[in-house]
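Numbering (the working numbering), first residue to last: 49 to 498. In this text, a Cβ means the ideal position worked out from N, Cα and C, and glycines have one as well. Keep in mind that this is a model prediction, so the values were computed, not measured.
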Amino acid sequence: MNEHDQAEAILRNAGITLDEPQPTRSLRLTRASDIEPEPVVWAWLDESEGRVPAGALTVAAGREGTGKSSFGMWMAAQITRGLLPGNFHGRPRAVFYVAVEDSWKQTIVPRLIGAGADLDLVYRVEAVEAEYGETTLSLPQDNSLMEKAIAEHDVALVVLDPLMSCIGKGIDTHRERDVRTALDPLARMADRTGAVLLGIAHFNKGSGTDPASLITGSGAFKNVPRAVFGFAKDDDNDCRVMTQAKNSLGRADLPSLSYNILSAEVPTRTGIAYVGRFVFTGQSTRSVDEILAAGAETDRGERGEAAEWLRGFLMDQGGEAPAKDVKKAAAADDISLRTLERARAKAGVVSERAGFGKGAVWRIEALTTNTQSDPAAPFPPHSRHSRQGSEAGGNGGNGGVNGADTNPASQNVTAETGRCATCTAPLDPLHAANGETTCPSCFDPGDEAS
């Protein structure tokens, strides 16, 4: 099966049919000497250096709250006013805006006004099905409809926010070949129309420092675009930074730019709408890569401290504690929930349900075993750390059952203290310390129930 057939198979499996019949497949041969060479057309020139090419796909990516969507608003405003330095300067052009996550009345239009866009030149784009009505744009299914509309309205910019939501349903966004069946035709459409296609994307939860590699989804989201921008908050300098992470058609070493999101008031018929306005403030001495690296280093340090705190806290509780109690104690010690969650794996702590209808329990895996038997069992679980619902020390002593000291730090966990009365295998010292005479494998809850 060739690549074309594979692409068609992926689309068929995803339930996507192209909106125009495909002609019989053939080869077209063109001599290179018959192709007139042209320079790159730049939609955005920054001090004579190209940043955003016309006729290509560009991606703006960052974590939540960094202002990447506001950058899309800024681009729309600049192009509809003819203010963007580059090929479109002095010629106001139309913009198509595909916004999937936000309300047009309460978010998109107020933010466009705050950015200074000409609203008569900004179009909301939605797909409409004869049977179901309005629906989300789906690529590549709607490519030909989009291309026709771009030509009819002399569109210079199409914003897809977020890009991921515009990918046709059924396409696995984590498989490069699948994603390319949507992005490759999109890039060719951009080339034919000369419009800028700006996709807004999120970073994944990885700890890398390359903005392009952090884009959520398959590698196609960084490989297909000709330009990729990364966005990040620079807390050290109280600003935000945009870095050109990829520039296939121009210089790859362009300086990073600093920007801020300023508050703006937009009057409406029913009151004031408060929005953020994207404003560049100059060049930045730090790149997004450096900011991410510094943040990762800080996270590693904080995570290490949190992991040490977590192990200490659970050791004091006998090796395990309800998750809600752990989180409450961590908050009291100024440890954020995000840091605590990331420290859990480093500390060797696992989270398990305490039983049907109960919350989760965090326990140190190396020191404890699962404390829960069948959640539906009418008798209490047979556990070396079972507290029978009491607080630490509720039964006397140091928080153990019937006054037993269950703090692993105070026990010798290497000495053999007894053998199972059923199978004669050595008992775990922590089980023996709780007065148990059978190992977990031989333990029969019915014995205690009777």
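8 Å Cβ cutoff met for residue i and residue j
i: residue 132; j: residue 191; result: no
i: residue 157; j: residue 204; result: no
i: residue 269; j: residue 249; result: yes
i: residue 185; j: residue 175; result: yes
i: residue 272; j: residue 211; result: no
i: residue 155; j: residue 246; result: no
i: residue 89; j: residue 110; result: no
i: residue 308; j: residue 329; result: yes
i: residue 379; j: residue 410; result: no
i: residue 311; j: residue 287; result: no
i: residue 341; j: residue 264; result: no
i: residue 94; j: residue 302; result: yes
i: residue 241; j: residue 195; result: yes
i: residue 385; j: residue 375; result: yes
i: residue 64; j: residue 225; result: no
i: residue 408; j: residue 401; result: yes
i: residue 129; j: residue 168; result: no
i: residue 354; j: residue 383; result: yes
i: residue 367; j: residue 412; result: yes
Limits of the alpha helix (DSSP H) - the one that residue i falls within
i: residue 52; result: 51-61
i: residue 195; result: 191-200
i: residue 251; result: Careful: residue 251 lies outside any alpha helix (DSSP H) and carries neither H nor E.
i: residue 164; result: No alpha helix (DSSP H) holds residue 164; DSSP gives it neither H nor E.
i: residue 122; result: 116-129
i: residue 84; result: No alpha helix (DSSP H) contains residue 84, which DSSP labels as neither H nor E.
i: residue 374; result: 371-380
i: residue 269; result: 268-271
i: residue 411; result: No alpha helix (DSSP H) holds residue 411; the beta strand (DSSP E) holding it covers 408-412.
i: residue 155; result: Where residue 155 is concerned, there is no enclosing alpha helix (DSSP H), given that its DSSP letter is neither H nor E.
i: residue 262; result: Note, residue 262: premise wrong, no alpha helix (DSSP H); not H, not E.
i: residue 185; result: First-last for residue 185: undefined, no H or E at that position.
i: residue 388; result: 385-394
DSSP state of residue i mapped onto helix, strand, coil
i: residue 288; result: strand
i: residue 64; result: coil
i: residue 449; result: Confidence at residue 449 is low in this model, with a pLDDT of 40, below 50, so its placement is unreliable and the value that follows should be read with caution. The answer is helix: DSSP assigns residue 449 an H, G or I state.
i: residue 215; result: strand
i: residue 245; result: strand
i: residue 173; result: coil
i: residue 281; result: strand
i: residue 209; result: strand
i: residue 136; result: coil
i: residue 399; result: strand
i: residue 324; result: strand
i: residue 179; result: coil
i: residue 110; result: strand
i: residue 329; result: strand
i: residue 105; result: strand
i: residue 343; result: helix
i: residue 319; result: strand
i: residue 300; result: coil
Start-to-end residues for the beta strand (DSSP E) that takes in residue i
i: residue 147; result: 142-147
i: residue 316; result: 305-316
i: residue 93; result: 90-94
i: residue 97; result: 97-101
Distance between beta carbons of residue j and residue i, contact taken as under 8 Å
i: residue 207; j: residue 143; result: 7 Å
i: residue 266; j: residue 223; result: 6 Å
i: residue 148; j: residue 213; result: 4 Å
i: residue 304; j: residue 327; result: Between residue 327 and residue 304 the Cβ distance is about 16 Å, and since that is not below 8 Å, they are no contact.
i: residue 146; j: residue 173; result: 5 Å
i: residue 101; j: residue 91; result: 7 Å
i: residue 202; j: residue 117; result: Contact flag wrong, Cβ pair sits at about 24 Å.
i: residue 229; j: residue 259; result: Incorrect: roughly 25 Å between the Cβ atoms, too far for contact.
Please determine if the segment 115-135 and the segment 160-180 are in contact, where contact requires at least 3 C-beta pairs separated by less than 8 Å. yes
Quick check: the segment 357-372 against the segment 390-399, are at least 3 beta-carbon pairs closer than 8 Å? yes
Check whether the segment 291-300 and the segment 212-230 touch, using three or more Cβ-Cβ pairs below 8 Å as the test. no
Check whether the segment 329-343 and the segment 276-294 are in contact - that is, three or more C-beta pairs closer than 8 Å. yes
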